Structure formats: C-alpha cells, structure tokens
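Since the structure comes first, as structure tokens, the remarks are kept for the end.
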Amino acid sequence: MSEQRTTVAGGMETSYGFKSVGQDEKQGLVNEVFHRVAGRYDLMNDLMSAGLHRLWKDAMVAWLNPPKRPGWRVLDVAGGTGDISFRIVEASNRQAHATVLDINGSMLAVGKERAEKRGLSANTEFVEANAEELPFPDETFDAYTIAFGIRNVPRIDKALSEAYRVLKPGGRFLCLEFSEVEMPILDKVYESWSFNAIPRIGQLVTGDGEPYSYLVESIRKFPNQSNFAAMISRAGFDRVSYRNYSGGIAALHSGWKL
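Counting from 1, one number per residue, gives the positions in the sequence shown under the numbering used here.
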C-alpha cells in the first residue's frame with residue numbers, strides 16, 4: 001500500500017497502517033493492537049507525542065468549555081481509559097455526565113478502575129460499542145469528543161454521521177488527532193522520530209514493538225487537516241474549523257450541529 005495520506009475520497013477503510021486489508025478485517029486487527037497496549041496507554045501516547053498529548057488534551061477541554069451545571073452530557077468516543085472524560089467532568093466542577101464509549105473492553109476496564117479511584121463513578125458510565133453504530137437515540141448528547149481514536153475507525157464517514165445523529169441541535173463535535181506537520185524542518189524530525197525511534201522504544205519498554213509500528217503508520221495515512229475538515233462538513237456539521245498544535249503534529253477539529 002502507498003504511504004500517501006488518504007483524502008476525502010476515503011481509503012482508511014482498508015488501511016492497516018501501510019498494509020492493505022479487507023474492510024471486514026481492519027476492526028479486528030485494530031482491536032488486537034489496543035488489547036495489547038491497554039495497560040500502557042498513557043505510555044503509548046507519551047511516546048507518540050513526547051508527552052505533549054497531556055497539554056493538547058487540556059487545550060481540547062478548554063476549547064470545549066463544559067458548563068458548570070447539572071444535566072449536560074458528553075459522549076467521549078474511543079475514550080476507554082477515561083483521559084478526556086475525567087478532564088471534562090473536573091472542568092465542569094463535577095456537574096457534567098460523561099458516557100465513555102469504546103469498542104475495546106480492555107481499554108474500558110482500565111477506565112472503570114481509574115474512575116473508581118478518582119471518585120468519578122457517579123459522573124461516568126462505560127459502554128462497549130462501535131463508533132460506526134452508536135447505541136443511543138437521536139439528539140442525546142450536548143457534545144461529542146474523540147481523541148486519537150478516529151483514525152482507527154474503518155469507516156470514518158459513518159462515525160462522523162453517527163456523531164451528528166446523536167448530538168442535540170446546537171451540540172459540539174471535537175476531534176483531537178495526530179495530523180500533518182506543516183513546518184518544513186519539524187516534519188522531517190518528527191517523521192524520523194516516529195518511524196525509527198517509537199517502535200524501538202515500544203519494543204524495549206513493553207516487549208512488543210508491532211503495535212507502535214501500526215500506530216505510527218496510521219498517523220501517516222490519516223487525512224490532513226483540510227481533508228478531514230471537509231469530511232466533517234460533509235457529515236453535516238457547520239462552522240467547521242481546526243487548530244494546529246506543535247506545528248501540526250496534532251490538530252483539534254471543531255464542528256457544530258446547527
């Protein structure tokens with residue numbers, strides 16, 4: 001398979017990193033990756049972002065600005081370990097309710113344990129389900145968040161359509177994802193770090209470098225900022241915009257259901 005990025009036209013459906021697989025195969029392969037790294041998820045993100053993912057996630061929640069009132073509901077997709085949901089609940093002074101949805105039970109188990117330790121069980125619930133087929137009625141949530149998860153969904157267009165469906169009118173969509181570096185020198189440095197260092201460090205630290213090779217390749221295949229923004233617009237969202245972080249290593253996309 002080509003190492004070129006996919007576009008609005010698609011391609012992630014059959015892309016397992018740089019390998020081409022059947023659309024019905026990808027989800028199982030991705031699930032296995034996250035079963036293998038669930039216990040080391042924070043370490044994984046630290047390796048992928050040199051620790052910056054924590055700042056980017058804080059910025060995401062700051063832009064969401066959850067209200068400090070009861071009854072406000074957020075759906076955090078591919079958020080199994082609770083990283084984003086816990087930040088949102090705390091930012092709302094523990095008024096918000098977060099539904100954490102993930103297709104991977106191992107990730108959800110980590111999140112449930114963390115919620116209990118933090119005393120956030122009353123503000124969170126954990127649902128094992130597919131982002132392409134959300135088990136919720138139309139217009140259920142005030143916000144939909146997904147961080148570093150959309151590129152692992154085979155049918156991104158379907159996931160975006162489902163996000164639009166379950167949001168209330170006036171609801172907010174926010175997606176944080178690794179993207180295309182837009183600084184000429186930084187892009188070479190980051191690419192070298194990603195393909196050469198991250199899998200080797202993953203192998204040394206966890207004894208398993210293969211999941212990290214897939215994750216690095218999946219970043220390289222994901223649509224760039226403008227193409228992904230076009231996909232969000234195509235799903236029906238208005239006022240679509242994005243912010244780059246660290247020169248485009250990550251990008252935060254926003255859209256509204258108006």
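Built from N, CA and C at the ideal position, the CB exists for glycine as well. If you're wondering where the values come from, they're calculated on a predicted model, not measured in any experiment.
Looking only at its chain, what residues have a beta carbon closer than 7 Å to the beta carbon of residue i, apart from the 5 residues adjacent to it on each side?
{"i": "residue 1", "result": "Model confidence at residue 1 stands at a pLDDT of 46, short of 50, so the residue's coordinates are unreliable; what they give is reported in the following sentence. Answer for residue 1: 15, 18, 19, 20, listed in chain order."}
{"i": "residue 156", "result": "12, 150, 231"}
{"i": "residue 228", "result": "253"}
{"i": "residue 102", "result": "78, 79, 80, 108, 128"}
{"i": "residue 130", "result": "103"}
{"i": "residue 31", "result": "103, 104"}
{"i": "residue 186", "result": "247"}
{"i": "residue 181", "result": "187, 190, 247, 248, 249"}
So, is residue i buried or exposed, given that buried needs 16 or more other C-beta atoms within 10 angstroms?
{"i": "residue 241", "result": "exposed"}
{"i": "residue 204", "result": "exposed"}
{"i": "residue 133", "result": "exposed"}
{"i": "residue 68", "result": "exposed"}
{"i": "residue 88", "result": "buried"}
{"i": "residue 22", "result": "exposed"}
{"i": "residue 123", "result": "buried"}
{"i": "residue 196", "result": "exposed"}
{"i": "residue 184", "result": "exposed"}
{"i": "residue 152", "result": "buried"}
{"i": "residue 238", "result": "exposed"}
{"i": "residue 83", "result": "buried"}
{"i": "residue 66", "result": "buried"}
Assuming contact is defined by CB atoms lying nearer than 8 Å, are residue i and residue j in contact in what I supplied?
{"i": "residue 256", "j": "residue 176", "result": "no"}
{"i": "residue 5", "j": "residue 169", "result": "no"}
{"i": "residue 154", "j": "residue 27", "result": "yes"}
{"i": "residue 3", "j": "residue 220", "result": "yes"}
{"i": "residue 179", "j": "residue 248", "result": "yes"}
{"i": "residue 64", "j": "residue 143", "result": "yes"}
{"i": "residue 225", "j": "residue 251", "result": "yes"}
{"i": "residue 120", "j": "residue 86", "result": "yes"}
{"i": "residue 50", "j": "residue 245", "result": "no"}
Can you give me the Cβ contacts of residue i inside the same chain, cut-off strictly under 8 Å, excluding the 5 residues immediately before and after it?
{"i": "residue 236", "result": "161, 164, 257"}
{"i": "residue 62", "result": "91"}
{"i": "residue 7", "result": "223, 227"}
{"i": "residue 94", "result": "120, 123"}
Can you list, in chain order, the residues of its chain whose CB lies under 6 Å from that of residue i, leaving out five sequence neighbours each side?
{"i": "residue 202", "result": "209, 212"}
{"i": "residue 45", "result": "53"}
{"i": "residue 234", "result": "none"}
{"i": "residue 146", "result": "77, 78, 175"}
{"i": "residue 125", "result": "99"}
{"i": "residue 33", "result": "211, 214"}
{"i": "residue 217", "result": "17, 18"}
{"i": "residue 70", "result": "95"}
{"i": "residue 29", "result": "16"}
For residue i, verify whether its CB is less than 7 Å away from any heavy atom of the ligand GDP.
{"i": "residue 10", "result": "Although the ligand GDP was asked about, the structure shown includes no ligands whatsoever."}
- prompt: Is there contact between the segment 188-203 and the segment 158-169, where contact requires at least three CB pairs shorter than 8 Å?
  reply: no
- prompt: For the 8 Å Cβ check, are there 3 or more pairs between the segment 132-141 and the segment 112-123?
  reply: no
message: Please give me, in chain order, every unbroken run of the beta strand (DSSP E) with length at least 3 that falls completely inside the segment 39-104.
response: 73-77, 97-102
- prompt: Is there contact between the segment 98-109 and the segment 60-77, where contact requires at least three CB pairs shorter than 8 Å?
  reply: yes
field: Ranges of the beta strand (DSSP E) found wholly within the segment 90-170, counting only runs of at least 3
entry: 97-102, 124-128, 141-147
message: Quick check on the DSSP output: what are the complete beta strand (DSSP E) runs of length 3 or more inside the segment 174-254, in order along the chain?
response: 238-245
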